[in-house]
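This report refers to the structure that appears directly beneath it.
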Amino acid sequence: MQQKLIACGVGEAVVDVSLNVNMTNLRKLNLSLDDSVYLDKERKKLLDEFLSDKNPKITAGGSVSNTVSVLSSLYGDTAFIGNIGKDELGQIFFNDLRSNNILVSSNIFNDNVETSVCYVFVTPDAERTFAVFKDNSSHIKLDETNKDYIRSSNYLILEMYMAREINDCLQMEEAIKIAKKCNTKVVVSLSNQRIVKEYKKQVHNFVASADIVFANLYEAQALSNTSQVHLMIDHFLSLNDDKEYLITLGRRGAIYFKNGKAFYQPSFKVEPVDTTGAGDMFTASYLYGISAGLSIQESLKKACYMSSKVICQQGARYLGDIKSAFNEI
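Taking my numbering, I'd label the letters of the sequence shown as residues 29 to 357.
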């Protein structure tokens, strides 16, 4: 049996390729502001050609990977379940896991796939547009080592980007069954509003199995099937399913819901540079706060503060000392 972990994350193993662009660039690339699109190999080639004379920032990324990385810095013991190729980008991702002391099974490597890549285009308003390439043959597979990671964790964290693939859904369902038997809490991140809309049945099934659900405003609106903020709030207030729902509202802060009760936390006023990773930082900081014995309100405050720190820099990973920043307030 493994040592006790704070979390085991199951998610897409992605390398981020980030670049500051303007709206003209986005239009030339046939991308819409704040969108998230999936690329075939031909369109990936076009983006690579566009970037060939640029100097993009290349870092390990992926929503759950980012969250687990923060938890590793705050707590120390975490694990990640994903799939990478034996290629240059895969080695970048693997080296990042190792440098952050994140546990992985040897089956993370797959000889027959290309490592997934997320092109992150940041416009002057600090908003992000994502273009993702994922090899269709890249799927997670739970081995005994991965199953032990789940059994040994306080939290199993799942991202709904994985809900697009039937095989990945089956593996996440198996992970949930293991977690439920071991009193490991199931955490679901909704990931993207388009995912919530296009894979509605899968997302709702995973939410039904969750103990804690994280979403941004647009994802929460998609889940509650309304575009009106006040109706979305009414929806989550009306739920009596014993789940925790945490919804980030950007500049307006965040709200916590459970069984008709709500806590609100205002945001910390900053001038954002890049909002990539804000939700991942929020999720990790809240979970660590609760695990460290802080109250819901205190954990919400910490989560909002840490999110405000990461958006004041370029990239999804905070460049400063995470534990020191967490203890600043």
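Just so it is clear, CB atoms sit at the ideal spot from N, CA and C, and this is done for glycine as well.
The segment 296–308 and the segment 323–337 touch, with no fewer than 3 CB-CB distances between them shorter than 8 angstroms. Rounded to the nearest whole angstrom, the C-alpha separation of Asn233 and Phe264 is 17 angstroms. Here the alpha carbon of Gly305 sits roughly 7 angstroms from the alpha carbon of Ser91. Leu54 is the residue among Leu54, Ala243, Ser101, Asp81 whose C-alpha sits nearest the C-alpha of Arg156. Between the segment 249–267 and the segment 207–214, the count of C-beta pairs closer than 8 angstroms stays below three; the two stretches do not touch. In this structure, Tyr316 and Tyr103 form a Cβ contact; the two beta carbons are roughly 6 angstroms apart against a cut-off of 8 angstroms. Burial state of Gly288 is exposed, judged by a 10 Å Cβ sphere holding fewer than 16 other Cβ atoms.
Annotation for Gly90: no alpha helix (DSSP H) segment contains it, and DSSP assigns it neither H nor E.
Under a 10 Å Cβ-count criterion, Thr276 is classified as buried, with 16 or more other Cβ atoms of the shown protein chains found around its own Cβ. Between the segment 83–101 and the segment 57–75 there are fewer than three inter-stretch CB-CB distances shorter than 8 angstroms, so the stretches are not counted as touching.
Counting the other CB atoms within 10 Å of its CB gives Met190 a total of 16 or more, which places it among the buried residues. Fully enclosed beta strand (DSSP E) runs of no fewer than 3 residues occupy 64–67, 85–89, 106–109 of the segment 44–112, in order along the chain.
With the rule of 3 Cβ pairs closer than 8 angstroms, the segment 178–194 does not count as touching the segment 144–152. Along the length of the segment 281–306, whole beta strand (DSSP E) runs at least 3 residues long occupy 282–286, 289–293, reported in chain order.
Within the segment 124–150, the complete beta strand (DSSP E) segments at least 3 residues long are 144–150, listed from N- to C-terminus. Between the segment 59–68 and the segment 121–139, the count of Cβ pairs shorter than 8 angstroms is below three; the stretches do not touch. DSSP places Ile339 outside both helix and strand once states are collapsed to three, so it counts as coil. Annotated three-state conformation of Arg156 is strand, per DSSP.
Nearest C-alpha to Asn244 among Gly348, Ala290, Thr311, Ser237: Thr311. Ser80 sits exposed, since fewer than 16 C-beta atoms from the chains shown fall within 10 Å of its C-beta.
Annotation for Ser181: no alpha helix (DSSP H) segment contains it, though the beta strand (DSSP E) segment containing it runs 181–187.
In the structure shown, the three-state DSSP call for Ile168 is coil. Nearest Cα to Ala320 within the set Arg345, Phe354, Met260, Met51: Phe354. Look at Leu218 here: in three-state DSSP terms it is coil, with no helix or strand label. With fewer than 16 other Cβ atoms inside 10 Å of its own Cβ, Lys82 counts as exposed. Within the same chain, and ignoring the five residues on either side of Met309 in sequence, the residues whose Cβ sits closer than 7 angstroms to its Cβ are Val98, Met334, Ser335, Val338, Tyr346. In terms of CA proximity to Glu226, Leu251 leads the group Ala207, Leu251, Ile204.
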